[in-house]
Amino acid sequence: MFEQYLLDVFVYGALGYLSFRYAEMILTGQFSRRGLVLTSWIILYTAGSLVGRFGLDYAPMGENSIYGGFLHILPGALLLLCLQKKYFSTNWPRQLFALASFIAGWAVLRFTVSPLSYVLFDYWNPFWSWLVDYSLAQGWITAERLLGVMGIINEAALMAVLAFCRLVQLGILTLYLWLIQKFFCGRDYELSWTESLFLLAPCVTVLAIDVTLRAMAYSVDNSALMLVYYRVPETLLLLPLVSLLLLGMMITAVRLFHGIVQFKESEAKRLLLENGINDIHRQVEEMQDIYGDMRGLRHDLRGHIESLTAYVHNHLQGEHTQIEDYLAQMTKTTQRLDFADKTGNPITDIILHQIRQQAKRQGIAFTADFHYPAQAPFDLYDISVILNNGLKNALEACGKMPPPAEIEVRSYSKGNLYFIEIVNDFAGDLIWNKENDIPCTTKEDKQRHGIGLMNIARCAEKYRGSMEVEVVPKENRQRFCLTVMLLLR
1 MFEQYLLDVF VYGALGYLSF RYAEMILTGQ FSRRGLVLTS WIILYTAGSL VGRFGLDYAP
61 MGENSIYGGF LHILPGALLL LCLQKKYFST NWPRQLFALA SFIAGWAVLR FTVSPLSYVL
121 FDYWNPFWSW LVDYSLAQGW ITAERLLGVM GIINEAALMA VLAFCRLVQL GILTLYLWLI
181 QKFFCGRDYE LSWTESLFLL APCVTVLAID VTLRAMAYSV DNSALMLVYY RVPETLLLLP
241 LVSLLLLGMM ITAVRLFHGI VQFKESEAKR LLLENGINDI HRQVEEMQDI YGDMRGLRHD
301 LRGHIESLTA YVHNHLQGEH TQIEDYLAQM TKTTQRLDFA DKTGNPITDI ILHQIRQQAK
361 RQGIAFTADF HYPAQAPFDL YDISVILNNG LKNALEACGK MPPPAEIEVR SYSKGNLYFI
421 EIVNDFAGDL IWNKENDIPC TTKEDKQRHG IGLMNIARCA EKYRGSMEVE VVPKENRQRF
481 CLTVMLLLR
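Sequential numbering of the sequence shown, starting at 1, is according to UniProt numbering.
What follows is the structure, given as structure tokens:
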């Protein structure tokens with residue numbers, strides 16, 4: 001009996017560890033000292049499970065009823081729910097799925113290892129009989145001595161088989177939980193109640209089948225499950241197969257849901273990208289019109305000022321001091337209409353001018369050495385996407401850090417390759433997307449943000465180029481370096 005409880009302590013401790021790691025992958029923790037929380041979680045889960053086990057042993061209704069089938073589930077479920085509530089942020093759709101999938105996986109695995117234990121005992125009995133006969137025939141042990149140790153050996157064999165089956169059960173559970181958390185959506189995804197019900201349905205189905213199988217098994221002459229294996233040997237294969245298929249059904253449901261989430265996100269990003277492209281097209285057209293109007297206005301103003309200045313000099317000699325000062329001030333005002341950046345393209349001139357003005361208002365140093373290549377094969381819209389997204393990200397990063405902050409943009413050609421580099425100061429750490437090696441956005445609405453760098457990468461791939469992001473230390477600061485390579489021809 002002591003050995004049985006010792007095995008239970010080990011199993012409950014392992015389940016406590018697995019349940020914590022599983023919750024950690026799905027839920028958002030609200031603790032700082034992970035080691036202390038993990039230790040307390042395991043201790044509380046083990047102690048609570050043992051208390052529930054003792055209570056189940058002395059319950060007036062055993063497991064040989066549909067209600068008794070629920071008794072082995074409720075204590076562990078309530079205990080895990082309380083632990084989740086204490087150590088993790090409240091998120092009921094995620095918490096219920098984490099709870100149901102864990103309980104269902106462990107419960108149904110009983111029908112995987114129970115036939116295994118029956119088979120092992122079935123092989124052990126003839127082997128033990130042969131070993132006894134052979135030992136007695138060889139004179140290795142006397143009959144009296146054998147009778148004295150037979151109970152100990154049988155007890156040890158029983159514990160060894162049970163321990164092996166529990167290890168197999170824990171191993172399959174570990175693989176099942178790993179597959180679930182691998183395919184499950186990230187913690188930043190807001191799981192709705194409808195989506196949670198979609199994921200809970202297979203788990204509840206598995207639990208219902210588990211309870212039904214238990215009730216059916218223990219209703220056979222009020223006997224144990226082993227009698228079912230003896231009367232219907234086919235169940236030795238069918239029960240493990242059914243239990244593994246049920247686990248596969250839950251994993252498949254999560255994998256299917258993951259695909260649906262990915263499709264929704266890609267569709268949302270596609271719509272945002274299309275809207276962004278349409279906005280850029282419209283902005284480029286407007287900027288072209290504005291640039292043309294400004295050039296004409298600047299030319300006309302300069303002509304008028306020159307004519308007025310000449311008239312003052314020729315007809316108002318000695319009386320033109322204040323008028324000349326006024327005309328000189330108007331000349332300076334006209335010069336302000338000129339863009340500081342002469343890139344070779346009016347659209348890129350305007351983009352750099354706008355960024356320069358925004359940087360000036362925020363107290364950010366802005367340096368540009370950008371030149372649009374003559375007779376470039378690029379779509380002007382694509383270059384606008386690269387500059388707009390890259391420079392706006394740089395402005396946002398610099399705006400979050402104390403001054404001084406600096407942004408640099410430059411372009412250059414090497415052979416038939418054209419490079420655009422944007423370098424800016426930033427504070428903090430980057431979180432990388434493992435799927436595409438692109439930094440993730442830090443904004444909460446990740447479906448509507450974080451696609452700027454992805455758009456830049458798409459533009460680079462369009463011209464058989466690439467995008468590279470790296471972090472370079474500079475004195476006591478970090479610099480974010482974005483390099484875009486495009487093929488000229």
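Ideal Cβ placement from N, Cα and C applies to all residues, glycine included. Only a predicted model underlies this, so the values are computations on that prediction, with no experimental measurement involved.
query	result
Return the chain-ordered list of same chain residues with a C-beta closer than 6 Å to the C-beta of asparagine 345, the five sequence neighbours on each side being excluded.	Tyr372
Could you tell me whether the region 43-56 touches the region 15-29, where touching means 3 or more Cβ pairs closer than 8 Å?	yes
Give the DSSP bridge partners of leucine 487, in chain order.	Leu417
Quick one: residues in its chain with C-beta nearer than 6 Å to the C-beta of alanine 427, no 5 flanking neighbours on either side, listed in chain order?	Met401
Using three-state DSSP, classify methionine 249 as helix, strand or coil.	helix
Going by DSSP, which residues form a beta bridge with asparagine 424?	Ile407 and Phe480
Between the C-alpha atoms of histidine 449 and threonine 90, what's the straight-line distance to the nearest angstrom?	Residue confidence is low: histidine 449 scores 42 on pLDDT, short of 50, so the model does not pin down where it sits. Its coordinate-derived value is still stated next. Approximately 25 Å between the Cα atoms of the pair.
Using beta-carbon positions only, say whether proline 115 and tyrosine 229 come within less than 8 Å of one another.	yes
Hey, would you say tyrosine 176 sits closer than 8 Å to glycine 259, going by beta carbons?	no
Among Trp193, Cys185, Leu207 and Val204, which has the Cα closest to the Cα of glutamate 265?	Cys185
Please classify arginine 214 as buried or exposed, where buried requires at least 16 other C-beta atoms within 10 Å of its C-beta.	buried
Do you know offhand how far tyrosine 381's Cα is from lysine 474's?	33 Å
Is the Cβ of serine 466 closer than 8 Å to any Cβ of chain C?	Of the chains in the structure shown, none is chain C; there is only one protein chain.
From glycine 465 to isoleucine 438, what distance separates their C-alpha atoms?	16 Å
Contact between the region 240-254 and the region 194-202 is defined here as three or more beta-carbon pairs at a separation below 8 Å; is this criterion met?	yes
Distance, Cα to Cα, isoleucine 73 vs asparagine 388?	56 Å
Name the DSSP bridge partner or partners of threonine 359?	In the sequence as presented, threonine is not what sits at residue 359; that position holds alanine. The partner list for alanine 359 (beta bridge, DSSP) is empty, contrary to what the question assumes.
Would a C-beta distance cut-off of 8 Å place leucine 482 and tyrosine 463 closer than the cut-off?	no
Look at the alpha carbon of glycine 13 and the alpha carbon of leucine 50, and state the distance between them as a whole number of angstroms.	10 Å
Within 10 angstroms of the Cβ of glycine 76, are there 16 or more other Cβ atoms? Answer buried if so, exposed if not.	buried
Serine 466 bridges to which residues according to DSSP?	Met485
Considering phenylalanine 370, what are the terminal residues of the alpha helix (DSSP H) in which it resides?	Phenylalanine 370 -> no alpha helix (DSSP H), and no H or E assigned at all.
Express the C-alpha separation of glycine 35 and glutamate 24 in angstroms, rounding to a whole number.	13 Å
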